[in-house]
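Below is one structure, written out as C-alpha cells; comments come after it.
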C-alpha cells in the first residue's frame, strides 16, 4: 500500500527525470485516508499532477489521523523452513 505522501514523493522524483517512463499508483483511497490528507495526487488521462504547494504539497490532519491509530500487524510467513512457498 502506498499513501498519498508516498505518491507525491514518487511523483516529484519522477517529474525531475527527463526520460522517466512509468509510475504505479492507487486508483482511489478510502474516505478516512481522504480526511487525513489535505491534498491527493490527481490522476487524469494516464498522467499524474502534483500539488503546487511547498514541499510535497500535503498537510496531515492530525485530528482525523488520531481516529485511526496505527495497529501493528505481523505478516504471515510466506516460506517454510525448507524454503518452499507457504500458501497462507
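Residue numbers (the working numbering): 204 to 291.
C-beta atoms are modelled at their ideal positions from N, C-alpha and C, and glycine is treated no differently.
Per the contact definition of three or more C-beta pairs closer than 8 Å, is the segment 204 to 213 in contact with the segment 221 to 229? yes
Assuming contact is defined by CB atoms lying nearer than 8 Å, are residue 221 and residue 261 in contact in what I supplied? The residue you call residue 221 lines up with position 18 of the chain shown. The residue you call residue 261 lines up with position 58 of the chain shown. Their beta carbons are not under 8 Å apart, which means residue 221 does not touch residue 261 by this criterion.
Identity of the residue in 273, 266, 268, 243 nearest residue 259 by Cα: The count along the chain shown starts at 1 and reaches residue 259 at position 56. When only C-alpha atoms are compared, the closest one is 243.
Ordered list of alpha helix (DSSP H) runs contained in the segment 231 to 261, each at least 4 residues: Correct list: 234 to 239.
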